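Working notes, beginning with the structure itself.
In this note's numbering, the protein residues as written are 9 to 181.
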């Protein structure tokens, strides 16, 4: 049996949900995420003939999706506040619970809305998609050390925001 890369249809059936979820978390809009997902799979169709058999397809698709997310962010200079307008509230709650244990969904959305596009992608890959640091580093081209620093700072921002919101309650007692 000859090894081969999956057809476009096979790749789409196996990976479209993961690519869409990543895109949705990056751009915060279902329609934009659908467009971005299509772009990723069109890119696969265009490049399939030149890709090697040892390709880690999911990692390659994620890398293309991350790059498209960042490109789109730069090109349209979209406000990070779009994250607050997610249409599927259950997905927002799931992302908030998985991404920021102990934080409320609203707080998670508000804090995420303050991050730059790259940090937001890193947060999604680590805390929503639950990728390992090394995987994220390979996908984004950011060193593991720099990645850990950025994510640590992001979580510190979450903690600071939570503490600021809790202080008035203590002052009233």
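Heads up, the beta-carbon is just placed ideally off N, CA and C, and yes, glycines get one too.
Note that the coordinates shown come from a computational prediction; the quantities given were computed from them, not determined experimentally.
query                                                                                                                : result
Other residues of its chain near residue 147: CB distance less than 6 Å, five sequence neighbours each side excluded : 70, 71, 74
Length of the line joining the Cα atoms of residue 156 and residue 168                                               : 18 Å
Own chain, CB closer than 7 Å to residue 141, minus 5 neighbours either side, in chain order                         : 152, 155, 156
Spatial distance of residue 39 from residue 53 (CA atoms)                                                            : 21 Å
Nearest to residue 165 (by Cα), restricted to the options 50, 120, 12                                                : 120
Residue 121, DSSP secondary structure in three states                                                                : coil
Nearest neighbour of residue 32, chosen from 158, 128, 50, 17 [CA to CA]                                             : 128
Own chain residues within Cβ distance below 8 Å of residue 45, not counting five before or after                     : 24, 27, 28, 31, 73
Span of the alpha helix (DSSP H) around residue 22                                                                   : 16-35
Bounding residues of the alpha helix (DSSP H) (the contiguous stretch that carries residue 146)                      : 141-148
Burial state of residue 96 (16 or more Cβ within 10 Å)                                                               : The predicted model places residue 96 with a pLDDT of 40, which falls under 50 and marks its position as unreliable, so this point remains unresolved.
First and last residue of the uninterrupted alpha helix (DSSP H) at residue 52                                       : 38-55
Proximity winner among 137, 145, 124, 50, relative to residue 162 (alpha-carbon distances)                           : 124
Same chain, Cβ closer than 6 Å to residue 16, neighbours up to 5 away in sequence not counted                        : 53
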